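The opening residue of the sequence shown carries number 1 in full-length UniProt numbering; numbering runs sequentially from there. Note that CB positions come from ideal geometry on N, CA and C, so glycine has one too. In this text, all values refer to a predicted model and were calculated from it rather than measured experimentally. Let me begin by presenting the structure, written as structure tokens, before commenting on it.
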Amino acid sequence: MIIFGTKGYLYQLAILTLVCGWCGNPAAHTLRKRVSKFTLFFVPLFPYSTKYATQCTFCGGEQQITKEQADQLLAQHGAGPDGAGQPPQQPGFTQPGQNPYQR
């Protein structure tokens, strides 16, 4: 008998202050990495899926992002767990006090 399956791991990479695309409030967003691994006899062997997402702590809205976008957000925010660092320059994300609809 062979026992196999999957196991998911959720890593919180950083907490970033961004304006939410769902509710429009400037709030903390958690940057998360979800890794799914193949298991054999309950031992995780290798990852087969890795996904990145940001989630608003105000409304709970979640947005899937690519690995490159996650790396860019980490680099711009100093990669610290408190989210301290430089403001993001990526389109779609604005700092509190900035109006994204104003030119």
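Residue i versus the options, residue with shortest Cα-Cα distance
{"i": "Cys59", "options": "Cys20, Phe42, Phe4 and Tyr11", "result": "Cys20"}
{"i": "Phe4", "options": "Ala70, Tyr48, Phe42 and Gln64", "result": "Phe42"}
{"i": "Arg34", "options": "Gln76, Leu40, Gln63 and Ile2", "result": "Gln63"}
{"i": "Pro47", "options": "Leu13, Thr6 and Ala28", "result": "Thr6"}
{"i": "residue 186", "options": "Arg32, Cys56, Gly61 and Thr57", "result": "Past the edges of the chain, shown from 1 to 103, lies residue 186, and the structure says nothing about it."}
{"i": "Gln76", "options": "Lys67, Leu16 and Met1", "result": "Leu16"}
Residue environment, residue i, which counts as buried when at least 16 other CB atoms sit within 10 Å
{"i": "Thr54", "result": "buried"}
{"i": "Leu18", "result": "buried"}
{"i": "Cys23", "result": "exposed"}
{"i": "Tyr9", "result": "exposed"}
{"i": "Tyr11", "result": "exposed"}
{"i": "Ala70", "result": "buried"}
{"i": "Ala14", "result": "buried"}
{"i": "residue 104", "result": "Past the edges of the chain, shown from 1 to 103, lies residue 104, and the structure says nothing about it."}
{"i": "Leu40", "result": "exposed"}
Opening and closing residue of the beta strand (DSSP E) in which residue i lies
{"i": "Phe4", "result": "Phe4 to Val19"}
Residues bridged to residue i [DSSP beta-bridge criterion]
{"i": "Thr33", "result": "It is worth fixing the name first, because residue 33 is Lys in this sequence and not Thr. According to DSSP, which records beta bridges pairwise, Lys33 is partnered with Tyr11 and Tyr52."}
{"i": "Ala28", "result": "Thr17"}
{"i": "Phe46", "result": "Phe38"}
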